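S.K.: A single structure is presented below for examination.
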Amino acid sequence: MPGLRPAYPLRTERLDLRPHRMDDLDDLYAFHSRPEVVRYTPWPVRDREQTRVALEAKLTQDALTEPGQWLVLAIELRETGTVIGEVLLKWASDTDRQGEIGFALHTDYQGKGLAAQAAREVLRLGFEELGLHRICAVLDDRNKPSAQLLERLGMRREAHLIHCVFFKGEWTNEYIYALLEDEWRATTSH
Ligand SMILES: CC(C)(COP(=O)(O)OP(=O)(O)OC[C@H]1O[C@@H](n2cnc3c(N)ncnc32)[C@H](O)[C@@H]1OP(=O)(O)O)[C@@H](O)C(=O)NCCC(=O)NCCS
Numbered sequence: 001m002p003g004l005r006p007a008y009p010l011r012t013e014r015l016d017l018r019p020h021r022m023d024d025l026d027d028l029y030a031f032h033s034r035p036e037v038v039r040y041t042p043w044p045v046r047d048r049e050q051t052r053v054a055l056e057a058k059l060t061q062d063a064l065t066e067p068g069q070w071l072v073l074a075i076e077l078r079e080t081g082t083v084i085g086e087v088l089l090k091w092a093s094d095t096d097r098q099g100e101i102g103f104a105l106h107t108d109y110q111g112k113g114l115a116a117q118a119a120r121e122v123l124r125l126g127f128e129e130l131g132l133h134r135i136c137a138v139l140d141d142r143n144k145p146s147a148q149l150l151e152r153l154g155m156r157r158e159a160h161l162i163h164c165v166f167f168k169g170e171w172t173n174e175y176i177y178a179l180l181e182d183e184w185r186a187t188t189s190h
């Protein structure tokens, strides 16, 4: 697999997906600082300085050149130019053509179908442009909105792991969801 260097912005009906820029700091801070957004994400509630450091790391995550890397894109609401969240694609393995997706949205923009638009575009990138065979998602089993979104995308719950991580101070269960390239084609061919 040759990797992935998308032409930006990637457009959905209401969103532009694009690499992060340093001037996204205020928009990022608006959701990285919210306890309800980060409850089930790998990162903690962040202050402005912590958000700035996290943003700096995202600036270069705009392409996949080798397995193990994450593509990390800002989700910009086209009508206002506001960055309302982020969406991620990991190139997990070259030989097995495996990937993983992730996403987070500012609370004010949830419940509008916008995360689904961003996630669908990233699945398309993974299957149709990177050439993945299978894309998975890993989530806390209490994260209902995330599980519902994955099911809306046509992903299948494949595993329920009990106390597999010590996460934010407690033993936690995780679900693994996944979709295969043939299943993706079947959902997009009509
Ligand atoms: C997970 C997360 C991204 C889901 O976001 P979301 O906005 O609920 O997901 P969707 O984009 O699929 O939107 C679906 C909702 O929008 C509603 N909706 C409104 N207009 C819609 C439209 N035009 N099209 C589709 N859905 C629409 C749906 O009815 C649904 O509402 P419901 O959940 O009340 O049934 C969000 O909860 C989040 O960012 N959580 C915090 C971070 C996090 O936990 N990330 C995942 C870590 S694994």
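Number 154 in the UniProt record's numbering belongs to position 154 of the sequence shown; there are no gaps in the numbering. Even for Gly, the Cβ is constructed at its ideal location relative to N, Cα and C. As the structure is a computational prediction, the values presented were derived from the model and not from experiment.
#1: The beta strand (DSSP E) with Leu105 in it runs from where to where?
#2: Taking all protein chains shown into account, do 16 or more other C-beta atoms lie within 10 angstroms of the C-beta of Glu86, making it buried, or fewer, making it exposed?
#3: Counting Cβ pairs, one atom from each stretch, are 3 or more of them under 8 Å apart for the stretch 129-146 and the stretch 92-112?
#4: Do Leu4 and Glu121 have their beta-carbon atoms positioned less than 7 Å apart in this structure?
#5: Taking DSSP's pairing of strands, which residues face His160 in a bridge?
#6: Do Tyr177 and Arg152 come within 7 Å of each other at the CB atom, strictly closer than that value?
#7: Am I right that Thr12 and Gln148 are in contact with their C-beta atoms under 8 Å? What's the rounded C-beta distance?
M.R.: In short:
#1: Within the sequence shown, the letter at position 105 stands for residue 105. Residue range Gln98 to Leu105 is occupied by the beta strand (DSSP E) that includes Leu105.
#2: As a working note, residue 86 is residue 86 in the sequence shown. Buried is the call here.
#3: These segments touch.
#4: Walking along the sequence shown from the start, residue 121 turns up at place 121. Walking along the sequence shown from the start, residue 4 turns up at place 4. Cβ distance not < 7 Å, so Glu121 and Leu4 don't count as in contact.
#5: For this step, residue 160 is matched to residue 160 along the sequence shown. Tyr175.
#6: As a first step, residue 152 is located in the sequence shown; it is residue number 152 there, counting from the start. As a first step, residue 177 is located in the sequence shown; it is residue number 177 there, counting from the start. Result no, Cβ atoms of Arg152 and Tyr177 do not sit closer than 7 Å.
#7: Locating residue 12 in the sequence shown gives position 12, counting from the first residue. Locating residue 148 in the sequence shown gives position 148, counting from the first residue. Thr12 to Gln148, Cβ: 19 Å. No contact.
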